[in-house]
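Asker: First the structure, then my questions, so here it is.
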Amino acid sequence: MADEKLALVLHLTAGGEPLLFSLETEEAQRLEPKLAQLVKHNAVEPVRTRDGMTVTVNFAHVAVTYVDDMQRKGTVFGMHR
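In terms of the UniProt record's numbering, the sequence shown has 45 at position 45, counting the first letter as 1, and numbering is strictly consecutive.
This is the structure:
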């Protein structure tokens, strides 16, 4: 698990490249079970990034979101790593 580089991945409804926010394990574990409800209810949620900054995400503008391990090799949703 030490090799994990977790990130919150946000695919916006407007399209374009996804936004990636690097997360500590604790923040990823806090967010992951809530993501479906955040999108469903168009919630606004603060997210603590790995570098200690807080970003506020308006999930009303998010089409798809998930926590991913950026160390993993392969293809996810059409993205090559």
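We put the beta carbon where it would ideally sit given N, CA and C, even for glycine.
#1: In angstroms with no decimal places, state the Cα-to-Cα distance between Gly15 and His41.
#2: Rounded to whole angstroms, what's the CA-CA distance from His61 to Val39? Just pull it up for me.
#3: Smallest Cα separation from Gly52: which of Leu35, Glu4, Glu17, Thr25?
#4: So what does Pro46 bridge to, in DSSP terms?
#5: Tell me which residue opens and which closes the beta strand (DSSP E) that Thr65 is part of.
#6: In chain order, what residues of the same chain have a beta carbon less than 7 Å from the beta carbon of Phe21, not counting five sequence neighbours either side?
#7: Keeping to the same chain, check which residues put their C-beta closer than 6 Å to that of His11; ignore five residues upstream and five downstream.
#8: I need the DSSP call for Leu12, collapsed to helix, strand or coil.
Answerer: Taking the structure as given:
#1: Cα to Cα, Gly15 sits roughly 20 Å from His41.
#2: 8 Å
#3: Thr25
#4: Looking at the DSSP assignment, Pro46 forms a beta bridge with Thr56.
#5: 62-69
#6: Ala7, Leu8, Val47, Thr49, Val55
#7: The residues are Pro18, Ala63, Val64.
#8: strand
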